[in-house]
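**Student:** Structure in structure tokens, see below.
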Amino acid sequence: MIHTKILGTGSYVPNQIVSNFDLEKLVDTNDEWIQSRTGIINRRVTRGENTSELAYKAAIKALEDAQVNAQDIDLIIVATVTGDYPFPAVAQILQRRLNCNTITAFDVNAACTGFIYALNVADKMIRSGSYHKALVIGAETLTKYTDYEDRNTCVLFADAAGAMVIGKAETPHIEKIVTYAKGDLEGLLKMEGYPLKENFKTPKQKRPFIEMQGTEVFKFATSVLPEVVNTLINETEYTMEDVSLIVAHQANKRIIDKSARVLKVPIEKMFMNIDQYGNTSAASVPLAIDEAIRHHHLKRGDVFITVAFGAGLTWGGAMIRY
Ligand SMILES: CC(C)(COP(=O)(O)OP(=O)(O)OC[C@H]1O[C@@H](n2cnc3c(N)ncnc32)[C@H](O)[C@@H]1OP(=O)(O)O)[C@@H](O)C(=O)NCCC(=O)NCCS
């Protein structure tokens, strides 16, 4: 039986920091409101670097950490809803930029759950025996689709990339991955694409932006986050005591706080870096995992749960021994 494990991780955030005070100058909001309702203080906003550039910089670090050559990668999956172009995919741009061989490379769209979906697909492709080493990335430039006249959304979203190299293992490390979707709730969090034209000669179209029913998304998130954690505990041999850390999608500190209360786990078990990065969608989970490792919250052999939720609506999680 083929098992899989994390060989290395890396992440990259743009240099430009946008604080709550900067946003006070754009919309009717204030630092106190944003911090108390979301836990966000700063977020990173790209200046000139598109999604593939953020992904490339995170990928280089993950390959270095894994001590794997780009030529040894035979699968690239990028989770993103903000690719540079509708096509080619970010994964294909990366295949060229990393000088990889002629390999399988594609993007996955499951919004903020995207990285968990991408990890699930890569894990199963390696377990099939057809692939050996995969580069799995979550990368987003959400700020290009954020309306800086809408205070409901512009305080939340930001740009980043996180990467992971996974490969075959003698013993199980990536123990279980679950992914779910419920399309009938799509209206709660959505970005319209370009609509069909009235007729083919219609010259200009309105630019689409992210739209969200925040309170409903909050309720959804606080229900599925503990649910996924419990599913992973119930369907593996591990107990909550075995789990060193829960690395949840960084959407709102209050979502993570409430989930910890529901799960009856100490808040120290919930990794958080939302204060400095905001919600970076598919990049959030791999960025958080990489930071948890760099800051010694996770060491080799530790068992952790990662969990995410987002537009679609989608949700999912994984039980992993690092
Ligand atoms: C968006 C969110 C922070 C709003 O917090 P909330 O406590 O639910 O606040 P509400 O939406 O009930 O709004 C309360 C008031 O604050 C106002 N408000 C909204 N954004 C504001 C802002 N940035 N600054 C100041 N006031 C704001 C609202 O207009 C509302 O005013 P009203 O009572 O006069 O109508 C919260 O609902 C949330 O985080 N939801 C989940 C969003 C999410 O995670 N999305 C991504 C999922 S991947």
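Residue numbers (the working numbering): 1118 to 1439.
Even for Gly, the Cβ is constructed at its ideal location relative to N, Cα and C.
Helix, strand or coil: how does DSSP classify GLU1408 here?
**Tutor:** Position 291 of the sequence shown, counted from the start, is the residue given in the question as residue 1408. Residue state, collapsed to three classes: helix.
**Student:** Give me the residue from ILE1194, GLU1354, PHE1337, THR1263 with the minimum Cα distance to ARG1324.
**Tutor:** Taking the first residue of the sequence shown as 1, we reach residue 1324 at position 207. For the residues ILE1194, GLU1354, PHE1337, THR1263, the minimum Cα distance to ARG1324 belongs to THR1263.
**Student:** Compute every distance between the C-beta of ILE1151 and the non-hydrogen atoms of ligand 1, then say whether any falls below 7 angstroms.
**Tutor:** As a working note, residue 1151 is residue 34 in the sequence shown. Answer for ILE1151: yes, Cβ within range of ligand 1.
**Student:** Could you spell out where the beta strand (DSSP E) holding ILE1437 opens and where it closes?
**Tutor:** Here residue 1437 refers to the residue found at position 320 of the sequence shown. For ILE1437, the enclosing beta strand (DSSP E) has its first and last residue at 1431–1438.
**Student:** So what does LEU1124 bridge to, in DSSP terms?
**Tutor:** Within the sequence shown, numbered from 1, the residue matching residue 1124 stands at position 7. Paired residue(s): none; LEU1124 is not in a bridge.
**Student:** Can you give the Cα-Cα distance for VAL1346 and ALA1405, rounded to whole angstroms?
**Tutor:** Here residue 1346 refers to the residue found at position 229 of the sequence shown. Here residue 1405 refers to the residue found at position 288 of the sequence shown. Distance between the alpha carbons of VAL1346 and ALA1405 is about 17 angstroms.
**Student:** Kindly identify the DSSP beta-bridge partner or partners of MET1357.
**Tutor:** Taking the sequence shown and counting its residues from 1, one reaches residue 1357 at position 240. For MET1357, which the question treats as bridged, DSSP gives no partner whatsoever.
**Student:** Can you list, in chain order, the residues of its chain with a C-beta nearer than 6 angstroms to that of LYS1299? Leave out the 5 residues immediately preceding and following it.
**Tutor:** In the sequence shown, the residue the question calls residue 1299 occupies position 182. The answer, listed in chain order, is LEU1430.
**Student:** Tell me whether the region 1388–1399 and the region 1268–1283 touch, counting them as touching only if at least three CB pairs, one residue from each stretch, are closer than 8 angstroms.
**Tutor:** yes
**Student:** Give every residue of the same chain whose Cβ lies closer than 7 angstroms to the Cβ of ALA1183, excluding the five residues on either side of it in the sequence, and list them in chain order.
**Tutor:** Locating residue 1183 in the sequence shown gives position 66, where the first residue counts as 1. The residues are LEU1124, GLY1125, VAL1282.
**Student:** How about SER1128 and ALA1175: are their beta carbons less than 8 angstroms apart?
**Tutor:** Position 11 of the sequence shown, counted from the first residue, corresponds to residue 1128. Position 58 of the sequence shown, counted from the first residue, corresponds to residue 1175. Taking 8 angstroms as the Cβ cut-off, SER1128 and ALA1175 qualify as a contacting pair.
**Student:** Can you pull the DSSP bridge partners for LEU1192?
**Tutor:** Numbered from its first residue, the sequence shown carries residue 1192 at position 75. Paired residues: THR1221, ALA1251.
**Student:** Please state whether DSSP places LYS1299 in a helix, a strand or coil.
**Tutor:** If you number the sequence shown from 1, residue 1299 lands on position 182. Of the three classes helix, strand and coil, the one that applies to LYS1299 here is coil, per DSSP.
**Student:** State buried or exposed for ASN1237, treating a residue as buried only when at least 16 other CB atoms are found within 10 Å of its CB.
**Tutor:** Start at 1 with the first residue of the sequence shown, and residue 1237 comes out as number 120. Label assigned to ASN1237: buried.
**Student:** If you follow the beta strand (DSSP E) that PHE1326 is in, where does it begin and where does it stop?
**Tutor:** Within the sequence shown, residue 1326 is the residue found at index 209, counting from 1. It is not in any beta strand (DSSP E) - PHE1326 carries neither H nor E in the DSSP assignment.
**Student:** Decide if PRO1403 is buried, meaning its Cβ has at least 16 other Cβ atoms within 10 Å, or exposed.
**Tutor:** For the purposes of this step, residue 1403 is taken as residue 286 along the sequence shown, with counting starting at 1. Burial call: buried.
**Student:** Thinking just about the alpha-carbon of each residue, which of ALA1428, MET1389, LYS1261 is nearest to the one in HIS1412?
**Tutor:** Position 295 of the sequence shown, counted from the start, is the residue given in the question as residue 1412. Selected option, being the one with the closest Cα: MET1389.
**Student:** Just tell me which of PHE1337, ILE1291, PRO1312 has its CA closest to the CA of TYR1297.
**Tutor:** Within the sequence shown, numbered from 1, the residue matching residue 1297 stands at position 180. Ranking PHE1337, ILE1291, PRO1312 by Cα distance to TYR1297 puts PHE1337 first.
**Student:** If you pair each beta-carbon of the region 1188–1196 with each one of the region 1359–1366, do three or more pairs fall below 8 angstroms?
**Tutor:** no
**Student:** Please list, in chain order, all residues of the same chain as ASN1132 whose beta carbon is under 8 angstroms from its beta carbon, the five residues on each side excluded.
**Tutor:** As a working mapping, residue 1132 is identified with position 15 in the sequence shown. The residues are ARG1161, ARG1164.
**Student:** Assign TYR1202 to buried or exposed, taking buried as 16 or more other Cβ atoms, counted over all protein chains shown, within 10 Å of its Cβ.
**Tutor:** Translated into positions along the sequence shown, residue 1202 becomes position 85. Residue environment for TYR1202: exposed (fewer than 16 other C-beta atoms within 10 angstroms of its C-beta).
**Student:** Thinking GLY1200 and THR1168 are a contact (beta carbons under 8 angstroms), I'd like their distance in whole angstroms, please.
**Tutor:** Numbered from its first residue, the sequence shown carries residue 1200 at position 83. Numbered from its first residue, the sequence shown carries residue 1168 at position 51. Confirmed, Cβ separation roughly 6 angstroms.
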